[in-house]
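Here the structure comes first, spelled out in structure tokens, and everything after it is commentary.
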Amino acid sequence: MNLRSTFPFRQLLSATVAVLTLTAAPFAFAQTPAAPAAPTGSDYVVMKPTGPGAPASVKQGVLITGMQGSRVMVKEGAGEAGYEVAGIQEVGKAAPPEFAQAQQLIEAGDFAKAAPLIKGIADKFKGLPIYWAQDSTNMLGSLYLNLDKVSEAEAAISSYETAYRGTATSGASAAKARLAAAKGRFAEAKALASSVVAGALSRKTVTRAESQIFGQGYFVLGQCAENEGKLPEAMENYARTVAVFYHERSVVAQAQKRIDELRKKGVTTP
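Here is the structure:
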């Protein structure tokens, strides 16, 4: 899932701040790549090859029921078996309906109702190597921070880091930056967020997952700038979350809220 910038960021940002709506999307991200062919409505699991030159085995027409530790639980016929995630190359499973329902609630700013839906998905599927499971596990910490539930957020962020160890380094750093800001440790938050977004604006292509991470990073930089009294800089960073790196919707909603408040004070971008 890639995007390509076709015009200078500064021009984009100036145009965006004039509108600043959650639905404004200056870039067109590519859609999630289609999964390998499988029977309609079924789950599938692609196992890693057992040796050099060996083909990958595919289990089709199965039901992925959840995660137990590091094992993907798969129902095949009348039986159920667990497969270590380390031995799996890819899985295919449609996102549960609660995922879309939570997204709608987040867009409406109803984080309190979205949180239990996302928690239900994370509790059952955290560690599953598919975008909606990882998104949900990562998003839970953000939702708790939006609800000022710092201890719950800290636990959720730790759980995310453990479940996706090795693939969640940047995402965990972004989450920790948000956590540090929530605790008032702005120097720590700024250092973490600055590291997360380093080089983001010069990238020609950005994946959906990277967009989520960069959006969180710029939101934290906006919070840090506000704390320092640098309101135009804060506005600029919030606008980057809303208009450029907008795939972490719970953070986008919070950034838009801060933009609206700053605009009431007559703040503009530098």
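Counting the sequence shown from 1 gives a position; this note's numbering is that position plus 227. Note that CB positions come from ideal geometry on N, CA and C, so glycine has one too.
Subject >> Counterpart residues of Ala308 in DSSP-defined beta bridges >> reply: What you label residue 308 is simply residue 81 of the sequence shown in a count that begins at 1. Ala308 is bridged to Val301.
Original post:
When you compare only the Cα positions, how much space is there between Leu406 and Gly280?
Top reply: For the purposes of this step, residue 406 is taken as the residue at position 179 of the sequence shown. For the purposes of this step, residue 280 is taken as the residue at position 53 of the sequence shown. About 46 Å.
Subject >> Cβ neighbour criterion (16 or more within 10 Å) applied to Asp487 >> reply: Start at 1 with the first residue of the sequence shown, and residue 487 comes out as number 260. With fewer than 16 other Cβ atoms within 10 Å, it is exposed.
Original post:
Hey, Ala383 and Tyr371 are a contact pair by Cβ (cut 8 Å); roughly how many whole angstroms apart?
Top reply: Mapped onto the sequence shown, residue 383 falls at position 156. Mapped onto the sequence shown, residue 371 falls at position 144. Right, their Cβ atoms sit about 6 Å apart.
Subject >> Per-residue DSSP class, three states only, for Arg237 >> reply: Locating residue 237 in the sequence shown gives position 10, counting from the first residue. With a pLDDT of 39 at Arg237, under the threshold of 50, the modelled position of that residue is not reliable, and the figure given next carries that caveat. Here Arg237 sits in helix by DSSP.
**OP:** Thinking His474 and Gly442 are a contact (beta carbons under 8 Å), I'd like their distance in whole angstroms, please.
**Re:** By one-based count along the sequence shown, residue 474 stands at place 247. By one-based count along the sequence shown, residue 442 stands at place 215. Contact flag correct, Cβ pair sits at about 6 Å.
**OP:** Determine which residues share a DSSP beta bridge with Asp270 and list them.
**Re:** As a first step, residue 270 must be located in the sequence shown, where it is residue number 43. DSSP, once it has assigned bridges, lists Val289 as partnering Asp270.
Original post:
In or out: Arg485 buried (at least 16 other Cβ within 10 Å) or exposed?
Top reply: Mapped onto the sequence shown, residue 485 falls at position 258. Answer is buried; the Cβ neighbour count reaches 16.
Original post:
Can you pull the DSSP bridge partners for Met294?
Top reply: Within the sequence shown, numbered from 1, the residue matching residue 294 stands at position 67. Partner(s): Val299.
Subject >> Delimiting residues of the alpha helix (DSSP H) encompassing Glu334 >> reply: Locating residue 334 in the sequence shown gives position 107, where the first residue counts as 1. Note, Glu334: alpha helix (DSSP H), 324 to 334.
Subject >> Beta-carbon proximity list for Phe472, same chain, < 6 Å, skipping 5 on both sides >> reply: As a position in the sequence shown, residue 472 is number 245, starting the count at 1. In the same chain as Phe472, and ignoring 5 residues on each side of it, the C-beta atoms closer than 6 Å to its own belong to Ser438, Phe441, Gly442, in chain order.
**OP:** Could you check the C-alpha separation between Val318 and Ser421 for me, to the nearest Å?
**Re:** Sequence index remark: in the sequence shown, residue 318 carries index 91 (1-based). Sequence index remark: in the sequence shown, residue 421 carries index 194 (1-based). Those two C-alpha atoms are separated by around 34 Å.
Original post:
When you compare each of Gly296, Thr277, Ala308 to Leu290 by their alpha carbons, which one comes out closest?
Top reply: For the purposes of this step, residue 290 is taken as residue 63 along the sequence shown, with counting starting at 1. Residue Ala308 is the option with its Cα nearest to Leu290.
Subject >> Coil, strand or helix - Val469 by DSSP >> reply: By one-based count along the sequence shown, residue 469 stands at place 242. Val469 falls in the helix class under three-state DSSP.
**OP:** Select from Asp375, Leu419, Lys353, Lys410 the residue whose C-alpha is nearest the C-alpha of Glu388.
**Re:** One-based indexing of the sequence shown puts residue 388 at position 161. Cα-wise, what sits closest to Glu388 is Lys353.
Original post:
Would Ala401 pass as a contact of Leu419 if the rule is Cβ separation under 9 Å?
Top reply: Taking the first residue of the sequence shown as position 1, residue 401 is located at position 174. Taking the first residue of the sequence shown as position 1, residue 419 is located at position 192. Yes, they are a contact pair.
Subject >> N- and C-terminal bounds of the alpha helix (DSSP H) containing Ile315 >> reply: The residue labelled residue 315 in the question sits at position 88 within the sequence shown. Looking at the DSSP string, Ile315 is not in any alpha helix (DSSP H); the run it does join, the beta strand (DSSP E), is 315 to 319.
**OP:** With DSSP collapsed to three states, give me the class of Lys431.
**Re:** Taking the first residue of the sequence shown as position 1, residue 431 is located at position 204. Coil, per DSSP.
Original post:
Where Ser363 and Ile348 are concerned, what is the direct C-alpha to C-alpha distance, given to the nearest angstrom?
Top reply: Looking up residue 363 in the sequence shown gives position 136. Looking up residue 348 in the sequence shown gives position 121. Answer to the nearest angstrom: the Cα atoms are 7 Å apart.
**OP:** Drop a sphere of 10 angstroms on the beta-carbon of Arg392, count the other beta-carbons inside from all chains shown, and report buried for 16 or more, exposed for fewer.
**Re:** Within the sequence shown, the letter at position 165 stands for residue 392. Exposed: under 16 other Cβ atoms inside 10 Å.
Original post:
Taking C-alpha atoms, which residue in Val479, Arg467, Leu458 lies nearest to Lys492?
Top reply: Indexing the sequence shown from 1 puts residue 492 at position 265. For the residues Val479, Arg467, Leu458, the minimum Cα distance to Lys492 belongs to Leu458.
Subject >> Under 9 Å between C-beta atoms of Gly444 and Ala404 >> reply: Position 217 of the sequence shown, counted from the start, is the residue given in the question as residue 444. Position 177 of the sequence shown, counted from the start, is the residue given in the question as residue 404. Cβ distance < 9 Å, so Gly444 and Ala404 count as in contact.
Original post:
In three-state terms, what does DSSP make of Ser400?
Top reply: Here residue 400 refers to the residue found at position 173 when the sequence shown is read from its first residue. It is helical.
Subject >> Inter-residue Cα distance where the pair is Lys351 and Leu332 >> reply: Within the sequence shown, the letter at position 124 stands for residue 351. Within the sequence shown, the letter at position 105 stands for residue 332. Using only the alpha carbons, I get a separation of about 20 Å.
**OP:** Measure the CB-CB distance between Met462 and Val433 and report whether it falls below 9 Å.
**Re:** Taking the first residue of the sequence shown as 1, we reach residue 462 at position 235. Taking the first residue of the sequence shown as 1, we reach residue 433 at position 206. No, these two residues do not count as a Cβ contact at 9 Å.
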